Amino acid sequence: EDWSTHVYTKPYVDNVEQGRIDFGNFNELSDVTADRLIGLLSDEIPDIDVVIINQQVMSGIHTPYFRNKLVEVIQRFPDKIFITDSRNYNEVYDGSYRKMNDLEAARLIGLEKEHDDVVLYSEVKEAALTLFKRFGKPLFVTRGSRGSIVVDEKGVSDIHGLMILARVDTVGAGDSYLAGAAATLAAGYSLHTAAEIGSYVAGVTVQKLFQTGTASPEEIIRIGTDPDLIYNVELAEDARRARYWKDSEIEIVKEWTEPLKIKHAIFDHDGTISTLREGWEQIMIPMMMKAILGIHYKDADESLYHKVHEHVMEFVDKTTGIQTLVQMQGLVELVREFGLVPEDQILDEFGYKEIYNQELLTMVRVREAKLTRSELSVEDYTLKNAVLLLEKLYNAGVILYLASGTDEEDVKNEARILGYDHLFKGGIHGAVGDVTKEAKKIVIDRILDTIGESNTAQLATFGDGPVEIRETRKRGGATIGVASDEMKRHSLNESKRSRLIKAGADIVVPDFSQLPKLLKLLNVQE
Numbered sequence: 002e003d004w005s006t007h008v009y010t011k012p013y014v015d016n017v018e019q020g021r022i023d024f025g026n027f028n029e030l031s032d033v034t035a036d037r038l039i040g041l042l043s044d045e046i047p048d049i050d051v052v053i054i055n056q057q058v059m060s061g062i063h064t065p066y067f068r069n070k071l072v073e074v075i076q077r078f079p080d081k082i083f084i085t086d087s088r089n090y091n092e093v094y095d096g097s098y099r100k101m102n103d104l105e106a107a108r109l110i111g112l113e114k115e116h117d118d119v120v121l122y123s124e125v126k127e128a129a130l131t132l133f134k135r136f137g138k139p140l141f142v143t144r145g146s147r148g149s150i151v152v153d154e155k156g157v158s159d160i161h162g163l164m165i166l167a168r169v170d171t172v173g174a175g176d177s178y179l180a181g182a183a184a185t186l187a188a189g190y191s192l193h194t195a196a197e198i199g200s201y202v203a204g205v206t207v208q209k210l211f212q213t214g215t216a217s218p219e220e221i222i223r224i225g226t227d228p229d230l231i232y233n234v235e236l237a238e239d240a241r242r243a244r245y246w247k248d249s250e251i252e253i254v255k256e257w258t259e260p261l262k263i264k265h266a267i268f269d270h271d272g273t274i275s276t277l278r279e280g281w282e283q284i285m286i287p288m289m290m291k292a293i294l295g296i297h298y299k300d301a302d303e304s305l306y307h308k309v310h311e312h313v314m315e316f317v318d319k320t321t322g323i324q325t326l327v328q329m330q331g332l333v334e335l336v337r338e339f340g341l342v343p344e345d346q347i348l349d350e351f352g353y354k355e356i357y358n359q360e361l362l363t364m365v366r367v368r369e370a371k372l373t374r375s376e377l378s379v380e381d382y383t384l385k386n387a388v389l390l391l392e393k394l395y396n397a398g399v400i401l402y403l404a405s406g407t408d409e410e411d412v413k414n415e416a417r418i419l420g421y422d423h424l425f426k427g428g429i430h431g432a433v434g435d436v437t438k439e440a441k442k443i444v445i446d447r448i449l450d451t452i453g454e455s456n457t458a459q460l461a462t463f464g465d466g467p468v469e470i471r472e473t474r475k476r477g478g479a480t481i482g483v484a485s486d487e488m489k490r491h492s493l494n495e496s497k498r499s500r501l502i503k504a505g506a507d508i509v510v511p512d513f514s515q516l517p518k519l520l521k522l523l524n525v526q527e
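Offset between the sequence shown (1-based) and this note's numbering: plus 1.
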């Protein structure tokens, strides 16, 4: 009676979020009902592992009377875990864990932050430690795509964000995180593990667009079995923080604690050694736009055109370095999502890849012909000193492997034309038309099977894309990010630098022009 169930909705028009429509924002809980709720809760607590205290609206059940009574319950059961996720009453529920976002944490310690301000890691850490001292209970602080941190009597622990290639809808991500973390604590696991599971649950639900996303055990296990993590976000997004090695252009992201003993080196091809395919984005982006817009490509209004362009640019940026076939799978999803092409006219990933490859290879064949006719040289289509680096490593006894997301036959052909295929005694590996067989992962795992996982210091990977860097980082090898400007064949590409650092690069070079210094850092004898 006189109570409207609290519901809020988020309308979307053309996939654009509109203003919320809320119901039940002005409920007022009576003291009688509050007592009944508190009584029922108290009766159940002995059989409960975790209690979540959630508050999103000023009115509702969290009246002053109810808040006081709930604090009494928390104090009566000091061995039970209570977790508070409250927009307005974080200071109230003494004795409970807290879960909040970075903006809420910053404001609670008096930092002035607007809704869209970035809260730096140093500020989040300061806030977390201050609030732990104030509340005396563990704390979860979420940071969106930047991950989260947790703090307890052991100190601060970082949980990396997840790299998600698909489009995301972050509505409800915090609630998903809390649900996963609470369930993990209830099962008896540590605070850090709870935060990791919370991140995986949120990683599942944010990929479910325009709905109240759910996460099944199978989905959580799938994303958590081999998660793609994001590293060093602040450094990646602010080049002013860069540190360089001994008056060089070699950026040090993560210092190696011991000298490397490289015996196996994996190289990506396009953008790391070869620039034969430089400009592939200028072929893929319009090709994808034509596929998505279909017959509307020429007459689509400006708003729709730019919307599609923005989505395609974001997708290409996120998926640089993965198999072309996987990118085309993503294109199929984009075509369906926009709904501008009839279902019976939508191609599969192989069909779209064929269109893209035809256009790309037309450009590549022209360049290969110029090489064959000696109109241009190998130096015109390779990164500065890249071939010399291969020769130095080869002569030092390092086994070289070439691993690419490009079709294997094309990679072998291009390495042969450029004259360095014979240096790759570990083989030349590329895509084989099966998205479950990622060449870079396969090569890394094959090497580790040979040398043993305890000898990862023998492995180094050079690449300009996040895939090879991320997969090597997961397995403990050394990662050399090549943030190359492919058009100039030397100098730094800042967008690549950012991607590579987030993927887990230990060091970043713009090219191989400072080869003697790089070899010294890598502990390779010339």
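Every residue, glycine too, gets a C-beta built ideally from N, C-alpha and C. Being a predicted model, the structure only gives us computed values, none of them experimental.
DSSP places Tyr-402 in no alpha helix (DSSP H) but in the uninterrupted beta strand (DSSP E) bounded by 400-408. Closest option to Ala-266, judged by alpha-carbon separation, among Val-313, Glu-18, Asp-446, Glu-124: Asp-446. Residues Thr-325, Leu-326, Met-329 of the same chain have their beta carbon placed closer than 6 Å to that of Lys-354, with the five preceding and five following residues left out of the count. Listed in chain order, the non-local C-beta contacts of Gly-225 below 6 Å within the same chain comprise Tyr-201, local neighbours out to five positions each way being set aside.
Asn-456 carries a helical assignment under DSSP once its states are collapsed to helix, strand and coil. The beta carbons of Phe-463 and Phe-268 sit about 5 Å from each other, so the pair counts as a contact at 8 Å. For Val-365, the enclosing alpha helix (DSSP H) covers residues 350-373. When the beta-carbon positions are compared, Ile-231 and Arg-244 stay at least 7 Å from each other.
Under the three-state reduction of DSSP output, Ser-97 falls in the coil class, being neither helix nor strand. Taking a C-beta distance under 7 Å as the contact criterion, Val-74 and Ser-43 qualify as a contact pair.
Following the DSSP letters along the chain, one finds Phe-67 inside the alpha helix (DSSP H) bounded by residues 65-77. When beta bridges are read from the DSSP output, His-430 appears opposite Ala-404. Relative to Val-152, the option among Leu-130, Ile-274, Lys-264 whose CA is nearest is Leu-130. Excluding residues up to 5 positions away in sequence, Arg-147 lie with their Cβ nearer than 6 Å to the Cβ of Val-234 in the same chain. A residue is called buried once 16 or more other Cβ atoms fall within 10 Å of its Cβ, and Ser-485 is buried on that count. A distance of 7 Å or more separates the beta carbons of Asn-102 and Thr-64. Closest in C-alpha terms to Ala-458, from the list Gln-57, Arg-366, Val-309, Thr-258, comes Thr-258. Residue environment: Val-309 is assigned as buried (16 or more neighbouring CB atoms within 10 Å of its CB, all protein chains considered). Rounded to whole angstroms, the Cβ separation of Ala-404 and Lys-441 is 5 Å, and the two are in contact under 8 Å. Here DSSP, grouped into helix, strand and coil, assigns Phe-268 to strand.
As summarised for the region 456-496, the continuous beta strand (DSSP E) elements at least 3 residues long and confined to that stretch are 460-464, 479-483, given in chain order. For Ile-224, the enclosing alpha helix (DSSP H) starts and ends at 218-226. Under DSSP, Ile-22 shares a beta bridge with Thr-10. Scanning the region 273-327 for uninterrupted alpha helix (DSSP H) segments of 4 residues or longer gives 281-294, 303-320, listed from N- to C-terminal end.
In the assembly as shown, Gly-137 is an exposed residue. Its beta-carbon has fewer than 16 other beta-carbons within 10 Å.
Counting along the chain, Asp-44 sits inside the alpha helix (DSSP H) bounded by residues 32-45. Here Gly-199 is actually not in contact with Ala-216; their C-beta atoms are around 10 Å apart, not less than 8 Å. Between the alpha carbons of Asp-248 and Leu-261 lies a gap of roughly 20 Å. C-alpha of Lys-81 to C-alpha of Val-51: approximately 7 Å in a straight line. The DSSP assignment places 149-153, 156-160 as complete runs of the beta strand (DSSP E) inside the region 141-184, in order along the chain (cut-off: 3 residues). Ile-323 sits close to Gly-406, with the two beta carbons spaced by under 7 Å.
Buried is the label assigned to Ile-54, since at least 16 other Cβ atoms lie within 10 Å of its Cβ.
Measuring C-alpha to C-alpha distances from Ala-195 to each of Asp-170, Ile-150, Thr-206, Thr-213 identifies Ile-150 as the nearest. Within the same chain, Val-525, Gln-526 come within 7 Å of Ala-397 by CB-CB distance, once the 5 residues on both sides are set aside.
Collapsing the DSSP output to three states places Tyr-395 in a helix.
One alpha carbon belongs to Leu-519, the other to Leu-394, and they sit about 12 Å apart.
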